[in-house]
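With the numbering used here, letter number 3 in the sequence shown gets 23, and the count goes up by one each step, no holes. See below for the structure under consideration.
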Amino acid sequence: VFGGVTLADKDKMPSEKTALESFFGIGTEGFRPKYRSDAVGDLVGGMIFGFILLLPEVRVLYSPAFMPF
21 VFGGVTLADK DKMPSEKTAL ESFFGIGTEG FRPKYRSDAV GDLVGGMIFG FILLLPEVRV
81 LYSPAFMPF
């Protein structure tokens, strides 16, 4: 779906994109490379999020004792 929209919008200016295309980041600039600083930010954020999920206080929340069924 995204590839078809991208091919259809290849010649379209960014100002001509619909709101849905802008929201999902598809269209003329949908697959541009990510900046190195953005990639480092994603990596650091993912590591912090993973560390928080591994804390003993948080691991209790997804143990069998807290399963609803």
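Even glycine gets a Cβ: it sits at the ideal position worked out from N, Cα and C. Being a predicted model, the structure only gives us computed values, none of them experimental.
| query | result |
| --- | --- |
| Report the three-state DSSP secondary structure of S83 (helix, strand or coil). | coil |
| Terminal residues of the continuous alpha helix (DSSP H) containing L74? | L74 -> no alpha helix (DSSP H), and no H or E assigned at all. |
| What does the alpha-carbon distance come out to for the pair L63 and Y55? | 13 Å |
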